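Structure first, then comments.
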Amino acid sequence: DFSSISSKDLLPASGGEEMTKGFLQELVNILLDYICKSSQRSSKVLDFHHPHQLKEGLEGFSLDLPEQPETLEQILVDCRDTLKYGVNTGHPRFFNQLSSGLDVIGVAGEWLTSTANTNMFTYEVSPVFILMEEVLLRKMQSIVGWSDDEGDGIFCPGGTISNLYSILLARFYFFPEVKTRGMSHLPQLVLFSSEHSHYSVKKSAAALGMGSDNVIMVKCDERGKMIPAELESSIVAAEERGLVPFYVNATAGTTVYGAFDPLNDIADICHRHTLWMHVDAAWGGGLLMSHRHRMKLQGIERAWSVTWNPHKMMGSPLQCSAILVKKRGLLQECNELGAEYLFQTDKHYDVSYDTGDKSIQCGRHVDVFKLWLMWKAKGSEGFGSQVNKCLENAEYLYDRLQRRTDFELVFKNKPEHSNICFWYIPPSLRSLPPGADRDTRLHQVAPRIKSRMMEKGSVLIGYQPLATKVNFFRCVFSNPATQQEDIDFLLEEISRLGSD
Ligand code: ABU
């Protein structure tokens, strides 16, 4: 009974051990209940409420912060309600995001991490985690294909920040004076990324003071792959305008289409023009774990830096993203400031393990333990099988869609990654000829179905327009819990919710 007890009765209060154990065991029961239900198909993916409804408070669940402490009983109710009104991203029918699933070992790792509650800046406070980060980075670098005497990296808060690091490093590599003298001492820099690449490249250029307009968007083919000849002509055209190209971002697994840019061709161009080649493999990096699919990233070993997010295709709990850098020492040189209160050089251990000064952050969350633990539990082979299964699911959906007349694929080719893009065509649009009227009406179909889907809570999938294509659904598979029956359900549910 926690109705008359509050947090001040828990540890570190003297004699608080029993109460602390009882409270945490109760919390674990709530979490276990959630985890067990999360993969049950009979449970909802979400219990949607509009922001104003959640803010007003539902069935006693209030977001307001009190002046007086709440009882632990209320704290447990708050925990249960927080999960109840959230989204079950581990549900086998959650197809909305590139990161999904609920890996039990990963969850255990995350629990341990928050219990350890330490900081990744120095070996002094994170000896084990710092060494685990080194082991993971080395492993990932060797899987990318770099030799033992090259490679560096750091785990950071998501793919956007990993991509930002790559631009920061490239700029520093060519113009080290930028660190102290700033952008006004540099020529006008331009960088290149495909029109299907992630918006983080533009966002980083803006944040780093280069300007988002100085990211030159390179044309893609119908399948969403960067066209190498377009890249080269854009570089030449920029040089003719007096601009200074320094960096190319190639994508291995684009966010919407799941396309892989031709990395070897791009590497040749970067070599010819002496440009930094980055590969954003935030989404596609997981395929390196699969013997069957890793050839789709051929040429990645020629990259100067790579973004790889294990919280996507490898199913690690959020967040878990690495920036891998081929040239050893550059991260440190670029970012170090040597704060004397933290990175003392006269410590009694090897201070090269105080890796925090490689980072643009000071405090850094321990993102590595859950991945290290998952790797121990599955082995590299286990990740490979997981990836294979997700891609088999994608092929299954592709086959189903090809056989149906009420759906249309956005592009006809077989999927390379686990993204499948398609339109649902409601009965009223099936006889309309292609053209503006049909497009206008088709554009409204996916958002309408998605709103019905969210209200019902049975399944969740994303949609977007892209260039000239009106709103279409994007289904992605990264959750090992998803089976073919969930894919059949998705299509039936879309057609139920979308019928006029
Ligand atoms: N950072 C890209 C994530 C996008 C997605 O999950 O759909």
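Position one of the sequence shown corresponds to residue 40 (the UniProt record's numbering), numbered consecutively onward.
We put the beta carbon where it would ideally sit given N, CA and C, even for glycine.
These numbers were taken from a predicted model, which means no experiment stands behind them.
Close CB contacts of residue 401 within its chain, under the 6 angstroms cut and outside five residues either way in sequence, are absent. In the three-state scheme derived from DSSP, where H, G and I count as helix and E and B as strand, residue 294 is classed as coil. For residue 518, there is no enclosing beta strand (DSSP E), since its DSSP letter is neither H nor E. In this structure, residue 511 and residue 485 form a Cβ contact; the two beta carbons are roughly 6 angstroms apart against a cut-off of 8 angstroms.
Cβ-Cβ distances below 7 angstroms link residue 197 to 358, 360 in the same chain, with the five nearest sequence neighbours on each side left out; the list follows chain order. Ranking 434, 427, 459 by CA distance to the CA of residue 330 puts 427 first. Here residue 464 carries a coil assignment [DSSP, helix/strand/coil].
DSSP places residue 415 in the helix class (H, G or I) of the three-state scheme. When only Cα atoms are considered, residue 230 and residue 287 end up about 6 angstroms apart. Here residue 508 carries a strand assignment [DSSP, helix/strand/coil].
Cβ contact annotation for residue 117 (same chain, cutoff 8 angstroms, sequence separation greater than five): 100, 109, in chain order. Separation of residue 159 and residue 339 (C-alpha to C-alpha, rounded to the nearest whole angstrom) is 28 angstroms. Here DSSP, grouped into helix, strand and coil, assigns residue 355 to coil.
With a beta-carbon spacing of about 16 angstroms, residue 354 and residue 525 fall beyond the 8 angstroms limit used to define contacts. Ligand 1 has no heavy atom closer than 7 angstroms to the beta-carbon of residue 360. Short of 6 angstroms from the beta carbon of residue 122, and not among the five residues preceding or following it, lie these beta carbons of its own chain, in chain order: 73. In the structure shown, residue 71 adopts helical secondary structure according to DSSP, grouped into three states. Within a 10 Å sphere around the beta-carbon of residue 53 sit fewer than 16 other beta-carbons, which makes this residue exposed.
Counted as a single uninterrupted DSSP element, the alpha helix (DSSP H) harbouring residue 268 occupies residues 267–279. Look at the beta carbons and you see the segment 222–240 touching the segment 274–288: at least three pairs across the two are nearer than 8 angstroms. Using a Cβ-Cβ distance cut-off of 8 angstroms, the segment 391–398 and the segment 410–419 are not in contact, since fewer than three pairs of beta carbons, one from each stretch, lie closer than that value.
For residue 513, DSSP records a beta bridge to 460, 501.
Short note on residue 136: C-beta closer than 7 angstroms to some heavy atom of ligand 1.
Within the same chain, 337, 338, 341 come within 8 angstroms of residue 303 by CB-CB distance, once the 5 residues on both sides are set aside.
The C-alpha of residue 90 is placed about 45 angstroms away from the C-alpha of residue 365. Check the Cα spacing between residue 504 and each of 95, 266, 296, 220: the tightest is with 296.
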